[in-house]
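Peer 1:
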Amino acid sequence: MIKDTRFTDQHGTVLMLGNEAIVRGSLEAGVSYVAQYPGTPTSDIGETFQTIIGQEPIFHEALIHHWAINEAVASSECAGAAWTGCKVLNPMKHVGLNVASDALSVIALNGPNPGAMVIVVGADPGSLGSHQEQNERFYTWMFHFPCFEPHTPQECKDFTKLAFELSEKYDTVFEIRTSTRSAHSRGYVDLEPLKNGLAKGKFIRNIPKFNSLPPHAISNHIRLYERIEAIRSIIPTLNINKIYPGKNSVGIITSGMSFGYSIEALNQLGIDDVPILKLGMIYPLNYEEITKFIRNLKKVIIIEELEPFLEVKIAEIAQKFKIDIEIFGQEYFPKYNEYSTGLVANRLANLFGIESNDKIHNAIELYNSYKNTIPSRFPTFCAGCPERATLYTILKATNNLENTVVCGDIGCFVMSFFPPQQCSDLIICMSGGLSAAIGMSEKTDQKIIALIGDSTFLHTGMAPLTEAANYDSNILLFVFENNWTAMTGHQPVLGLTEKRLSIEKICNAVGVSWVKVEDSYNPKQLIKTINEGLNTKGFKVIIVKRECALQAHRWRQTKIKELTQKGNKVQEISYYIGGCQLCYECARILSCPALRKVRIDNLEEMQIDQERCIKCGVCYEICPNGAIRKSIINLFEEEVPFREL
Amino acid sequence: MNFNDTDIINIIIAGTAGQGVITLKRLIEFAAQKAGINRCFGTEHHGLAQREGAIVSHTRYQKKLNKNERKNIQSPLISYGDADLYICIEPVETLRHGLFASNKTTFAINSYSIPGIMITAGLEEYPSLKMIEKVLRQYSDEIYFLNATELSLNSFKSNQFVNIILLGLAITTNKLPFIEIEDYEEVIKERLREPENNIKALHLGLENGRKIIGY
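Here it is, written out as structure tokens:
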């Protein structure tokens, strides 16, 4: 295999994802500090930094990447580094910005000088990898983050580099706003030379700048307005907003991915004379640029995903400069879900009073005729997942959640609300499940179970843990200790993955007296403990320990391979089914995807898919009819168990 | 069908977690770059990918750009009904992403099915291949099934080569113009583990494709 030199080459044209291009743009600007909590669609920015720091000696001296404990910590640590003179990058997902906002509100006031600070915010219209699809662009107004919205990987790189230059020059935090679509799209990127980052800087005392308390809170606020107005005035010189000219009296203003859908939608409709203003920078807007574009139009259509953001500002500018123009936006385009070329084409056809494209029309009609017959394919827990095994025990111990509420949380187990298990009654946000449980436990006598993952426990979970312990809330909390931030691609859980931290000791330290540590792969014992917990008043914690099945299986397979290559024999375990009564305990309540119902000669039975089964043995433990059998070849040779946490 | 240099080629690649949808997409893009294609733009599905979910990627390329930027690729997503080629590593996934098909679409489909969790639990039925084919016939007659999983297991004792075998089938449909087989081979050598087996897999797909399509 050839070496990946896309992050070390000084020039050339390469294929990159939007996120990779952001990394490249940062390196071309001389970034030397990056911190983030993983979150789709920005996790792979960190993965890329980790990889290049590990592999490329040229980055060893100056470049640091931290997986942070949460987004607020990440933003503040980035600011700290910037205030020694470094260029810092701080990626987060859209809901991560909610967590970071407390810190960022002040960092924006102070400004990142003597260094520079760029935040990357990964939005998620369509909720493709998130629990909601909020339009976080409004934060750019609130905190005055000048914000670029790239459309191609090339723009991801170019805008990031430019954002660093301007951030340093104007002492202002800049934002690169991507979406799941732009972050994970690939295209060509023309490279420019790399710049060395600062290895060591120095903090120089400046009390008014770094202490935004009265009176400096006000003076820094005034200074922030001055910085934003200075940036607003130079936008036309940056050459980032582009006009595609046309003679039509109806124009379009759009940005980011919506531009791609809009221009292709016009193409599909055979309209090629509509002038388009493509905004590379969505905040602030340059008044002259906007008024020049809209002044001679009769109508302007604003095409943007989610709540009207540009539309409000364009309307404000039209009013401020007394331009009489009809503005079409939110009434004509859905303010939810992701856009696509076909969707935009249909809405534009309505607005232009023409027939939509036949191809698009027929495609929708034919698809609608059969879409309800397509069997579902929910995302689900991997084969052998310890979280699924734990949810099974909860369903069993509570007689299918009788008089029981399960307060879910973020992590792989967000999927627990999907059928067939459906073992989650509510989701709020990171550690919101336990917090909701505290309130709920005061106001209902139902049994209350709360779930939390190990990474979330450290992210924000210790706060509600302490409160629940303080009030001795009548809750049974499950902490899923699987050793990894699994959902976002197995980033480490700080302290835990390195075995320096004990969740059990933390629970004890905040005053929880009933703490049990159990194994998800021992369902019978776990059910007993759950029953004991549910019959005990007050705050109880069960830490269910088992490594994420993907990681555990990978580790065990490597170990087996190493041993057999040395010529050692090891036990070969497999599970098979004999005498199945078709009770569906394994398929519908445990619901492991390695088990499948098959029909052979018109007889239905369950089978174990040996390709998928990781040999966790949970189905073997729980089969009420003893129909799942265990076979061990080389019984007297070495057993290779999963590693202990 | 003959393509012009400035035509936009639209490809949907669909499958389920772990079947190599993204690997296949990137392979086509790298090969396109080798072939001197002027613009590539495509989108991948990350995030929930590993957890038995439905995975789809769009990839698009254009050998030569039009002077008028309005006529060139500007979006990584294909418009409804605008796909030239579907490469589906799991049969029912062809239907799930059917919104992009039309009478100009060719389908290259692995006939080996992977049932989702509701089917393994016996709560839903998986449609027969005949039913899937019947739906797709409403779009076009260019529907080619190949049991790439069986071929991969028989030839390599592993299901890791299914995506590349299917690429071979897809190439024989002539819906991946301007990219030569040598371009794919070079990219396989440069970027995939077990390059020799993957090149064998590619040719296995090509041979079977030629037989199925009949030339």
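Residue numbers (our numbering), protein chains in the order written: chain E, 43 to 687; chain U, 50 to 264.
Heads up, the beta-carbon is just placed ideally off N, CA and C, and yes, glycines get one too.
#1: At a cut of 8 Å, does the region 336-351 of chain E reach the region 130-149 of chain E through at least three beta carbon pairs?
#2: By the criterion of Cβ-Cβ separation under 8 Å, what are the contact partners of residue 230 (chain E) in chain U?
#3: Counting only runs of 4+ residues fully inside the region 121-156 of chain E, write out the alpha helix (DSSP H) ranges in chain order.
#4: Should the region 506-516 of chain E be regarded as contacting the region 566-585 of chain E, the criterion being three or more beta carbon pairs within less than 8 Å?
#5: Are the CB atoms of residue 258 (chain U) and residue 220 (chain U) within a distance shorter than 9 Å?
#6: Would you call the region 175-193 of chain E and the region 321-328 of chain E touching, i.e. three or more CB-CB distances under 8 Å?
#7: Distance cutoff 9 Å, beta carbons only. Does residue 412 (chain E) sit that close to anything in chain U?
#8: By Cβ distance, which residues of its chain are closer than 7 Å to residue 34 (chain E), with the 5 residues on each side in sequence left out?
#9: Name the chain E residues whose beta carbon is nearer than 8 Å to that of residue 208 (chain U)?
#10: What number of angstroms, rounded off, separates the C-alpha of residue 357 (chain E) from the C-alpha of residue 341 (chain E)?
#11: Determine, using beta carbons only, whether residue 251 (chain U) comes closer than 9 Å to chain E.
#12: Are the CB atoms of residue 235 (chain E) and residue 52 (chain E) within a distance shorter than 9 Å?
#13: Between which two residues does the alpha helix (DSSP H) holding residue 196 (chain E) run?
#14: Residue 85 (chain U) CB to nearest chain E CB: under 9 Å?
#15: If you measure from the beta carbon of residue 92 (chain U) to each beta carbon in chain E, is any gap under 9 Å?
#16: Among the residues of its own chain, which have a CB less than 8 Å from the CB of residue 405 (chain E), if the five just before and after it don't count?
#17: If you check the beta carbons only, do residue 386 (chain E) and residue 339 (chain E) fall under 9 Å apart?
#18: Pick out the complete alpha helix (DSSP H) segments inside the region 412-471 of chain E, 4 residues or longer, and give them in chain order.
#19: Which residues in the same chain have their Cβ closer than 6 Å to the Cβ of residue 158 (chain E), if we skip the five residues on either side of it in sequence?
#20: Note down, in chain order, every chain U residue with its Cβ under 7 Å from the Cβ of residue 643 (chain E).
#21: What's the C-alpha gap between residue 102 (chain U) and residue 156 (chain U)?
#22: In the DSSP output, which residue or residues are listed as bridge partners for residue 232 (chain E)?
#23: State whether the region 521-536 of chain E contacts the region 393-404 of chain E, with contact taken as three or more CB pairs (one from each stretch) at a distance under 8 Å.
#24: Nearest to residue 160 (chain U) by alpha carbon, out of U:203, U:205, U:191 and U:211?
#25: Just reading off the beta strand (DSSP E) that residue 219 (chain E) is part of, what are its end residues?
#26: Can you give, in chain order, each stretch of the alpha helix (DSSP H) that sits fully within the region 475-562 of chain E and has at least 4 residues?
#27: Apply the 10 Å Cβ neighbour rule to residue 74 (chain U) and answer buried if 16 or more other Cβ atoms are within range, or exposed otherwise.
#28: In the DSSP output, what is residue 110 (chain U) paired with across the bridge?
#29: I'd like the span of the alpha helix (DSSP H) that includes residue 167 (chain U), first residue to last.
#30: State the Cα-Cα distance for the pair residue 208 (chain U) and residue 196 (chain E), rounded to the nearest angstrom.
#31: Is the shortest distance between the beta-carbon of residue 239 (chain U) and the beta-carbons of chain E less than 9 Å?
#32: Given a cut-off of 9 Å on the beta-carbon distance, is the pair residue 110 (chain E) and residue 150 (chain E) in contact?
#33: Is the beta carbon of residue 616 (chain E) sitting closer than 9 Å to the one on residue 435 (chain E)?
#34: Is the beta carbon of residue 658 (chain E) closer than 9 Å to that of residue 628 (chain E)?
#35: Examine chain U for any beta-carbon lying closer than 9 Å to the beta-carbon of residue 608 (chain E), and answer yes or no.
#36: Note the first and the last residue of the continuous beta strand (DSSP E) segment covering residue 84 (chain U).
Peer 2: Looking at the coordinates:
#1: no
#2: On the first sequence, position 188 is the one that residue 230 (chain E) refers to. 82, 88 and 89, listed in chain order.
#3: 136-152
#4: yes
#5: Taking the second sequence and counting its residues from 1, one reaches residue 220 (chain U) at position 171. Taking the second sequence and counting its residues from 1, one reaches residue 258 (chain U) at position 209. In this structure, residue 258 (chain U) lies closer than 9 Å to residue 220 (chain U) by Cβ.
#6: yes
#7: As a first step, residue 412 (chain E) must be located in the first sequence, where it is residue number 370. Yes - at least one Cβ of chain U is within 9 Å of the one on residue 412 (chain E).
#8: Absent from the structure is residue 34 (chain E), since the part of chain E shown begins at 43 and ends at 687.
#9: Start at 1 with the first residue of the second sequence, and residue 208 (chain U) comes out as number 159. Those are 653, listed as they occur along chain E.
#10: Here residue 357 (chain E) refers to the residue found at position 315 of the first sequence. Here residue 341 (chain E) refers to the residue found at position 299 of the first sequence. Distance between the alpha carbons of residue 357 (chain E) and residue 341 (chain E) is about 12 Å.
#11: Along the second sequence, one-based indexing puts residue 251 (chain U) at 202. It does not: the Cβ of residue 251 (chain U) has no partner Cβ on chain E nearer than 9 Å.
#12: Taking the first residue of the first sequence as 1, we reach residue 52 (chain E) at position 10. Taking the first residue of the first sequence as 1, we reach residue 235 (chain E) at position 193. Cβ atoms of residue 52 (chain E) and residue 235 (chain E): closer than 9 Å.
#13: Start at 1 with the first residue of the first sequence, and residue 196 (chain E) comes out as number 154. 195-212 is the extent of the alpha helix (DSSP H) around residue 196 (chain E).
#14: Walking along the second sequence from the start, residue 85 (chain U) turns up at place 36. Closer than 9 Å: no.
#15: Taking the first residue of the second sequence as position 1, residue 92 (chain U) is located at position 43. So, interface residue.
#16: As a position in the first sequence, residue 405 (chain E) is number 363, starting the count at 1. Excluding sequence neighbours, residue 405 (chain E) sits near 384.
#17: Residue mapping note: residue 386 (chain E) aligns to position 344 of the first sequence, counting from 1. Residue mapping note: residue 339 (chain E) aligns to position 297 of the first sequence, counting from 1. No; because the gap between Cβ atoms is not below 9 Å, this pair is not in contact.
#18: 428-439
#19: For the purposes of this step, residue 158 (chain E) is taken as the residue at position 116 of the first sequence. Excluding residues within five positions, the ones whose Cβ falls inside 6 Å are 129, 206, 209 and 210.
#20: The sequence position of residue 643 (chain E) within the first sequence is 601, counting from 1. None at all; the shortest Cβ gap to chain U is about 17 Å.
#21: Within the second sequence, numbered from 1, the residue matching residue 102 (chain U) stands at position 53. Within the second sequence, numbered from 1, the residue matching residue 156 (chain U) stands at position 107. Using only the alpha carbons, I get a separation of about 21 Å.
#22: Along the first sequence, read from residue 1 onward, the residue named residue 232 (chain E) stands at position 190. BP columns for residue 232 (chain E) point to E:55.
#23: no
#24: Within the second sequence, residue 160 (chain U) is the residue found at index 111, counting from 1. Looking at the Cα atoms, U:211 is the closest of the given residues.
#25: Along the first sequence, one-based indexing puts residue 219 (chain E) at 177. Per DSSP, residue 219 (chain E) belongs to the beta strand (DSSP E) from 216-221.
#26: 504-513 and 545-551
#27: What you label residue 74 (chain U) is simply residue 25 of the second sequence in a count that begins at 1. Flag for residue 74 (chain U) reads buried.
#28: To locate residue 110 (chain U), count along the second sequence from 1; it is residue 61. Answer is U:58 and U:89.
#29: As a position in the second sequence, residue 167 (chain U) is number 118, starting the count at 1. Where residue 167 (chain U) is concerned, the enclosing alpha helix (DSSP H) stretches over 166-169.
#30: Reading the second sequence from its first residue, position 159 is the one you call residue 208 (chain U). Reading the first sequence from its first residue, position 154 is the one you call residue 196 (chain E). Cα to Cα, residue 208 (chain U) sits roughly 36 Å from residue 196 (chain E).
#31: Residue numbering aside, residue 239 (chain U) sits at position 190 when the second sequence is read from its first letter. Yes, contact with chain E.
#32: As a working note, residue 110 (chain E) is residue 68 in the first sequence. As a working note, residue 150 (chain E) is residue 108 in the first sequence. Not in contact: residue 110 (chain E) and residue 150 (chain E) (Cβ atoms no closer than 9 Å).
#33: Your numbering for residue 616 (chain E) matches position 574 in the first sequence. Your numbering for residue 435 (chain E) matches position 393 in the first sequence. No.
#34: On the first sequence, residue 628 (chain E) is found 586 positions in, with the first residue counted as 1. On the first sequence, residue 658 (chain E) is found 616 positions in, with the first residue counted as 1. No, the pair does not count as a contact, with Cβ atoms beyond the cut-off.
#35: Translated into positions along the first sequence, residue 608 (chain E) becomes position 566. Chain U contact via Cβ: absent.
#36: By one-based count along the second sequence, residue 84 (chain U) stands at place 35. Looking at the DSSP string, residue 84 (chain U) is not in any beta strand (DSSP E), and its letter there is neither H nor E.
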